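**Student:** First the structure, then my questions, so here it is.
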Amino acid sequence: MRFSQTIVLITGAGSGIGKATALRLASEGAKVILVGRTKAKLEETAFEINQRSKIPMAEIFTADVTDVEDVSELAEYVKQHYGDLHILVNNAGGSKNTRILQLSEKEWDDSQNVNLKSVFLVSKALGKIMIEGAKREDHNRAIVNVASLSGHQAGAEIPHYSAAKAGVINLTRSLALEFSPYGIRVNSVSPGFVETPLTELGLQNEGFVRAIQRNTALKRVGTPEEIANVIAFAASSEASYMTGSDLLVDGGWLIK
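Counting from 0, one number per residue, gives the positions in the sequence shown under numbering that gives the first Met the number 0.
Set out below in structure tokens:
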């Protein structure tokens with residue numbers, strides 16, 4: 000129960016890595032605030048968590064984390080209802096494959112907003128609450144940003160996504176420097192190819208799956224639960240001397 004009496008907020012918590020992370024942290028005692036745009040998906044995640052526990056461990060807050068007003072309302076909700084926040088997981092993200100010559104300005108902006116701007120907005124708004132809490136009590140506090148293998152290795156059909164995720168990795172380092180005086184650690188986790196709703200279509204292509212198996216040392220696609228395991232470590236006090244780091248969880252893709 001590493002996260003007993005811990006308040007955690009997770010963006011993009013309705014499915015995939017965000018949902019798996021919420022389930023994992025709640026199973027270790029965390030009170031989780033699930034944030035996303037689709038209420039029905041958040042409710043499914045919250046129901047699954049609360050069904051497993053004797054007391055409600057999950058609540059939902061519907062918000063677009065690329066919108067500054069929504070994020071402000073989220074921060075006010077956390078402040079009023081909880082008064083503190085110990086762990087923040089910036090997981091919201093996604094993109095569609097488009098080559099640079101076909102990429103519209105709107106598609107570029109949308110990708111930067113959901114993958115990078117959201118991390119800035121949420122970390123700024125919720126970070127203030129975390130700092131105030133850190134002044135009052137000695138408690139493990141951490142921010143974990145979900146970056147990507149694509150932030151390390153560019154892809155021809157995802158220039159917008161690769162640029163945004165590379166930005167997340169470097170923003171993580173900047174946040175780590177700024178929050179370190181308050182004892183708040185900031186790290187990122189970079190998943191490789193993982194089976195989520197966002198990759199479902201691509202993983203239906205046998206040729207694509209074979210290419211992943213051929214170019215990944217472990218010869219397979221990862222699972223959301225495997226990424227959640229690493230996020231849980233980075234968020235826990237077991238990683239108490241780690242900040243500004245990026246944890247690459249790619250099955251050995253980059254070493255091939």
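The beta-carbon is built from N, C-alpha and C at its ideal position, and this holds for glycine as well. This structure is a prediction, so every number in the text was calculated from the model and none was measured.
#1: With distances taken between CB atoms, is the gap from L115 to A74 smaller than 8 Å?
#2: Take the Cβ of G251 as the centre, count every other Cβ of all protein chains shown within 10 Å, and call the residue buried at 16 or more, exposed below.
#3: Which residues bound the beta strand (DSSP E) around E27?
#4: Looking at C-beta atoms only, is the number of pairs between the segment 211-219 and the segment 240-247 that lie closer than 8 Å three or more?
#5: Alpha helix (DSSP H) containing N214: first to last residue?
#6: Take S239 as the anchor and find which of V67, R140, N90, G17 has the nearest alpha-carbon.
#7: Short of 7 Å in beta carbon distance, which residues of its chain neighbour G92, apart from the five on each side in sequence? Order them along the chain.
#8: So what does DSSP say about D249, is it helix, strand or coil?
#9: Is N112 helix, strand or coil by DSSP?
#10: Which residues does DSSP list as the beta-bridge partners of R140?
**Tutor:** To lay it out plainly:
#1: no
#2: exposed
#3: From DSSP, E27 is part of no beta strand (DSSP E); its letter is neither H nor E.
#4: no
#5: 205-214
#6: R140
#7: G11, V113, N114, V145
#8: coil
#9: helix
#10: I183
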